[in-house]
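Under this note's numbering, the letters of the sequence shown match residues 7 to 199, in that order. Note that the Cβ used here is the ideal one computed from N, Cα and C, for glycine as well.
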Amino acid sequence: MAALKLAVLISGRGSNLQALIDACAGRDFPATVALVVSNNPQAQGLARAGACGIPTAVIERRDHGDRDAFDQALTEAIGAHDADLVCLAGFMSILGADFVARWRGRLINIHPSLLPEFPGLDTHARVLVAGVRTTGCTVHYVTAEVDAGPVIIQQSVPVEANDTPETLAARVLAAEHQIYPQAVRLIAEDRTT
Numbered sequence: 007m008a009a010l011k012l013a014v015l016i017s018g019r020g021s022n023l024q025a026l027i028d029a030c031a032g033r034d035f036p037a038t039v040a041l042v043v044s045n046n047p048q049a050q051g052l053a054r055a056g057a058c059g060i061p062t063a064v065i066e067r068r069d070h071g072d073r074d075a076f077d078q079a080l081t082e083a084i085g086a087h088d089a090d091l092v093c094l095a096g097f098m099s100i101l102g103a104d105f106v107a108r109w110r111g112r113l114i115n116i117h118p119s120l121l122p123e124f125p126g127l128d129t130h131a132r133v134l135v136a137g138v139r140t141t142g143c144t145v146h147y148v149t150a151e152v153d154a155g156p157v158i159i160q161q162s163v164p165v166e167a168n169d170t171p172e173t174l175a176a177r178v179l180a181a182e183h184q185i186y187p188q189a190v191r192l193i194a195e196d197r198t199t
């Protein structure tokens, strides 16, 4: 079976991208990173990709007349590299309905909570205000409704009494680095339900 070709969309540091790159370096891992796209030319993740010889593209929203044109530019870049699966890894731009529909079933995201709890932004602060004892992270398929697509995999993380949003975020991020490659493997091996 041919390796699944990934297009990873980022906006920042690219730590989840690095987790995927590291996993793909394994001899038995059923995927490879074919392209990294950022909407931010300063994203550190672009340097991570470049250091590994992975093709990159910068597609900024402001360079395109509207969301549809931006989404079309993303689709063209992804298609030019024959990507099978689009992985959102800290991509801080809302994608249009046409893009989501075009990649339906082949577009995944990682979110720093146990969805459906705490969708959206400022997750860790909201978790602490709510006083829950367990949070975590979720890899899910992307649908038109933000953070509401079918769950592929989740991992729980305990909330400590002295947590700040930053300390909690660091522990959740470590769990993200574990489950994002696991989700890609499940998809590549057709083991999602």
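- L23 places its beta carbon less than 8 Å from that of A95.
- Less than 8 Å separates the beta-carbon of A49 from that of I16.
- The Cβ neighbour count for L120, taken over all protein chains shown within 10 Å, is at least 16; the residue is labelled buried.
- DSSP places L121 outside both helix and strand once states are collapsed to three, so it counts as coil.
- For P118, same chain residues with a beta-carbon under 6 Å away, outside a window of 5 residues either side, are T129, C143, V178 in chain order.
- Look at C58 here: in three-state DSSP terms it is coil, with no helix or strand label.
- Note on D77: 16 or more other CB atoms within 10 angstroms of its CB, so buried under the neighbour-count rule.
- Look at N115 here: in three-state DSSP terms it is strand.
- Cβ contact annotation for A40 (same chain, cutoff 8 Å, sequence separation greater than five): K11, L12, A13, I60, P61, H87, D88, A89, in chain order.
- A direct Cα-to-Cα measurement between D34 and E123 gives close to 34 Å.
- Counting along the chain, the unbroken beta strand (DSSP E) around P164 starts and ends at 157-164.
- The straight-line gap separating the alpha-carbon atoms of L174 and V165 is approximately 7 Å.
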